[in-house]
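Terminal number for the sequence shown in this note's numbering: 239, no gaps in between.
Notes follow the structure.
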Amino acid sequence: MRVDILTVLPELLKSPFEHSIMKRAQDKGLLEINVHHLRKWAVNEYGQVDDYQYGGGAGMVMMCEPLAKAIEELSGQRKYDEIIYLTPDGETLNQKMANTLSLKENILLICGHYKGIDERIRQHFVSKEISIGDYVLSGGELAAAVLVDTIGRLLPGVLNDETSALFDSFQDNLLAPPVYTRPEDFRGWKVPDILLSGDHKKIEEWRHEQSLQRTKERRPGISG
Ligand code: ADE
16 MRVDILTVLP ELLKSPFEHS IMKRAQDKGL LEINVHHLRK WAVNEYGQVD DYQYGGGAGM
76 VMMCEPLAKA IEELSGQRKY DEIIYLTPDG ETLNQKMANT LSLKENILLI CGHYKGIDER
136 IRQHFVSKEI SIGDYVLSGG ELAAAVLVDT IGRLLPGVLN DETSALFDSF QDNLLAPPVY
196 TRPEDFRGWK VPDILLSGDH KKIEEWRHEQ SLQRTKERRP GISG
């Protein structure tokens with residue numbers, strides 16, 4: 016999968032992809048991430064990409080021209096399956112959406128800043144709008160990093176043990192069960208006996224039960 020990201024803060028998007036699973040995905044050639052500085056398509060020599068909003072009001076708006084030019088230039092090089100704008104008023108990201116997006120070949124992400132991007136870009140170029148939650152970030156970069164991480168780990172071959180993503184929270188609409196590692200007794204806090212029993216069938220039943228219970232308590236809105 017190839018991901019292109021349009022941003023005015025490319026530096027912010029360096030580190031999130033240079034470690035751990037995202038690094039491995041790229042090293043293995045399963046994920047290619049290209050970060051593009053929107054100022055490359057600025058309207059003047061001062062690097063301007065934003066302007067005051069029509070109708071008045073505080074806050075700048077990212078202009079049509081740099082975005083349109085950038086999207087058109089990149090789209091001329093490959094066909095994007097989705098052009099995604101990260102915005103708090105988009106559809107809220109969930110695991111199902113991540114699963115669907117992980118099947119795409121090429122996606123282009125647009126990171127907004129200030130008051131957001133000119134509505135005409137959303138209408139004429141953007142195919143999907145995604146929010147990572149009902150709160151407002153300073154810009155779309157961290158949201159883009161979250162989205163790429165969520166999708167990237169689902170690409171076949173990225174995780175060592177491919178089955179592990181299958182048992183992540185949300186994959187079956189259930190939260191993951193609790194997990195424990197050594198020692199068996201830490202300050203008198205014991206690992207549940209069932210996990211030490213060696214009875215795999217019973218352990219699976221216990222885990223499923225715990226998942227159901229957690230989901231009921233913490234996400235009463237989702238059905239298991
Ligand atoms: N940009 C600012 N806040 C955001 C959010 N919650 N999700 C996606 N993009 C954003």
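For each residue, glycine too, the CB sits at the ideal point set by N, CA and C.
Computed from a predicted structure; not experimentally measured.
Residues bridged to residue i (per DSSP)
| i | result |
| --- | --- |
| Ser117 | Answer is none; Ser117 lacks a bridge partner. |
| Ile20 | Val50, Leu124 |
| Gly172 | DSSP lists no partner for Gly172. |
| Ile132 | Met77 |
Span of the beta strand (DSSP E), counted from its first residue to its last, around residue i
| i | result |
| --- | --- |
| Lys143 | 143-146 |
Residue i, enclosing alpha helix (DSSP H) - first and last residue
| i | result |
| --- | --- |
| Ala159 | 156-167 |
| Ala191 | That residue, Ala191, is in no alpha helix (DSSP H); it is neither H nor E in DSSP. |
| Asp149 | First-last for Asp149: undefined, no H or E at that position. |
| Asp42 | 35-42 |
Just list the alpha helix (DSSP H) runs in the stretch 197-236, keeping only unbroken ones of 4 residues or longer that don't cross its boundaries, in chain order.
Entirely contained in the stretch 197-236, the alpha helix (DSSP H) runs reaching 4 residues are, in chain order, 208-211, 215-233.
3 or more residues per run - each beta strand (DSSP E) lying fully within the stretch 55-107
Counting whole runs of 3 or more residues, the stretch 55-107 contains the beta strand (DSSP E) stretches 65-67, 75-77, 97-107.
Evaluate the contact criterion for the stretch 34-45 versus the stretch 92-104: three or more CB pairs, one atom per stretch, below 8 angstroms.
Between the stretch 34-45 and the stretch 92-104, the count of Cβ pairs shorter than 8 angstroms is below three; the stretches do not touch.
Within 8 angstroms, do at least three Cβ pairs link the stretch 52-60 to the stretch 106-114?
Counting Cβ pairs under 8 angstroms, fewer than three are found: no touch.
Inspect the CB distances between the stretch 179-193 and the stretch 58-66 and report whether three or more fall short of 8 angstroms.
Too few Cβ pairs lie closer than 8 angstroms, so no.
Pairs of beta-carbons, one from the stretch 196-216 and one from the stretch 146-166, closer than 8 angstroms: are there three or more?
With a cut-off of 8 angstroms, the stretch 146-166 and the stretch 196-216 do not count as touching, because too few Cβ pairs lie within range.
Are the stretch 62-76 and the stretch 116-133 touching by the rule of at least three beta carbon pairs closer than 8 angstroms?
Yes, the stretch 62-76 touches the stretch 116-133.
Taking 8 angstroms as the cut-off, does the stretch 162-177 touch the stretch 205-221 (at least 3 CB pairs, one atom from each stretch)?
The stretch 162-177 and the stretch 205-221 do not touch, with fewer than three beta-carbon pairs separated by less than 8 angstroms.
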